[in-house]
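Numbering (my numbering), first residue to last: 55 to 513. Virtual Cβ for every residue (Gly too), placed ideally from N, Cα, C. Structure first, then comments.
Written out as structure tokens, the structure is:
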């Protein structure tokens, strides 16, 4: 049993997961509206296997909520929450220069967060986490912030390994100074990029002509050598067929380091578009990626993110080879070593113990005569990676190790956000994707997105 939201009234009610015809549904019981349900996984076998990746929780160093009044009403993180912050998302403005019909955030009017408040948020992150492997600046549209580069400077500190900017990129079409400033500061520009066809952008972003602008923008960013990640919202019947071309862009350009695929969630402005029985879920997205990879990826290359709920994140890492190819890291490392590297972060783990285990495994692979896919190219890439890690020495900072990883390894993430129809409290308490608030709370992404967080329960 778990707790979920009634499809009709949105009240928190009793619920459970049920299998039907090879799929998994979240079934809820409301006194007023009786039984409602929503599809949460399109493949029951995938769902069952994914549960094997659930690992013990990793506690934050401290929490904002000391007085517990029930979950999720005293969220922020409350004592019931089972996971630390692996990906903090700092919303620096509510303003946006688009009005996407599928926006998770919905309609907001709050203005830019002062740089001093951003600095306070990062102070709290460091206090509660110690080291932040990756911090994302978001909005609204963060490029509308009038002091964006000052914000970036405020969050770039020794405890933060990597800064990313979640953006539609439209300001970067013409603002040379901003683009140059972001590149000089080694910010990863996480570009909203749903595909290439006009119909895709009109359906998901509601603006004619956006497809051509995005393609020109991507070419401009690549020409500048900006470090990029592509974020693709994937909607049933809209842009599944665009996956192969988007994958080609990821795998064909050295400076595109990551792809994030987000199946459409019916939250924010999109809540009325819901198809509760035929949404895209993680196993279907994995199939689309494997089928669209031109033989470079297989379904077995993807695993859930350990310690997060297996229905929330799925990922793979790809070792870049000198000939422009990639080899999935799960085919190279023993499973236990690979899971140790990805167990607790959005990036490959950079703590000393995990790196030592990875080094040992790589040296063993280097010296063995066992079967390795594309052995010559892989061993050359591993040699380069080991030389770079050894050159850093054992006293290297998290940022330095992450930089080596970004240069040598690409990533593909699938993030299945919950909405009011699929919200499951047992998933929410394992969330590591948090929105730090100016009042001191850290809100799990989907608790915040569906509007369940109550007032601050403690100072």
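Check                                                                                                                                                                        : Outcome
Within 10 angstroms of the Cβ of residue 358, are there 16 or more other Cβ atoms? Answer buried if so, exposed if not.                                                      : buried
My output table needs one value for residue 61: the three-state DSSP class, helix, strand or coil.                                                                           : coil
Tell me, to the nearest whole angstrom, how far the beta carbon of residue 124 is from that of residue 474; I am working on the premise that it is less than 8 angstroms.    : Wrong, their Cβ atoms sit about 19 angstroms apart, outside the cutoff.
Are the region 176–193 and the region 344–353 in contact at 8 angstroms, needing three or more beta carbon pairs?                                                            : no
If you measure between the beta carbons of residue 351 and residue 343, is that distance less than 7 angstroms?                                                              : yes
Do the region 303–313 and the region 140–153 touch if we need at least three Cβ pairs shorter than 8 angstroms?                                                              : no
Check residue 156 in the structure and name its three-state DSSP category.                                                                                                   : coil
Assign residue 331 to one of two classes, buried (16 or more other C-beta atoms within 10 Å of its C-beta) or exposed (fewer than that).                                     : exposed
Relative to the C-alpha of residue 76, which residue among 354, 459, 337 is closest?                                                                                         : 337
Name the DSSP bridge partner or partners of residue 489?                                                                                                                     : 497
Please report the residue range of the alpha helix (DSSP H) in which residue 254 lies.                                                                                       : 252–259
What beta strand (DSSP E) runs, 3 residues minimum, are completely inside the region 309–370?                                                                                : 310–317
In this structure, how does DSSP classify residue 116 when only helix, strand and coil are distinguished?                                                                    : coil
For residue 278, which of helix, strand or coil comes out of DSSP?                                                                                                           : helix
Rounding to the nearest angstrom, what Cα-Cα distance links residue 168 and residue 233 in this structure?                                                                   : 21 angstroms
So, are the CB atoms of residue 479 and residue 489 less than 7 angstroms apart?                                                                                             : no
For residue 299, which option in 286, 441, 181 has the closest C-alpha, if you only look at C-alpha atoms?                                                                   : 286
Is the distance from the Cβ of residue 59 to the Cβ of residue 477 below 7 angstroms?                                                                                        : yes
Does the count of Cβ pairs from the region 100–120 and the region 360–370 closer than 8 angstroms reach three?                                                               : yes
For the beta strand (DSSP E) containing residue 145, name the first residue and the last one.                                                                                : 141–145
Buried or exposed: residue 116, going by 16 or more other Cβ atoms within 10 Å of its Cβ?                                                                                    : exposed
Which residue comes first and which comes last in the alpha helix (DSSP H) that contains residue 205?                                                                        : 202–209
Apply the 10 Å Cβ neighbour rule to residue 122 and answer buried if 16 or more other Cβ atoms are within range, or exposed otherwise.                                       : exposed
Nearest by alpha-carbon distance to residue 226: which of 203, 215, 248 is it?                                                                                               : 203
Contact between the region 289–304 and the region 312–326: three or more CB pairs below 8 angstroms?                                                                         : yes
Does any residue of chain D have a CB that is nearer than 7 angstroms to the CB of residue 68?                                                                               : No chain D is present in this structure, which holds just one protein chain.
Am I right that residue 208 and residue 173 are in contact with their C-beta atoms under 8 angstroms? What's the rounded C-beta distance?                                    : 5 angstroms
Where does residue 48 fall in DSSP's three states?                                                                                                                           : Given that the chain is displayed from residue 55 to residue 513, the structure contains no residue 48 and the question cannot be resolved.
I'd like to know whether the C-beta atoms of residue 126 and residue 506 end up nearer to each other than 7 angstroms.                                                       : yes
Pull up the distance between the alpha-carbon of residue 248 and that of residue 254, whole angstroms please.                                                                : 7 angstroms
Answer yes if the region 446–463 comes into contact with the region 82–91, meaning at least three C-beta pairs across the two stretches below 8 angstroms, and no otherwise. : no
Given a cut-off of 7 angstroms on the beta-carbon distance, is the pair residue 17 and residue 482 in contact?                                                               : Since the first residue shown for the chain is 55 and the last is 513, residue 17 is missing from the structure and cannot be characterised.
Check for me: the beta strand (DSSP E) holding residue 69 runs from which residue to which?                                                                                  : 66–74
Relative to the ligand ZN, is the shortest distance from any of its heavy atoms to the C-beta of residue 469 smaller than 6 angstroms?                                       : Here there are no bound small molecules, and the ligand ZN is not part of this structure.
Please list the terminal residues of the continuous alpha helix (DSSP H) segment that includes residue 170.                                                                  : 169–183
List the endpoints of the continuous alpha helix (DSSP H) containing residue 91.                                                                                             : Not the alpha helix (DSSP H): residue 91 falls in the beta strand (DSSP E), residues 88–95.
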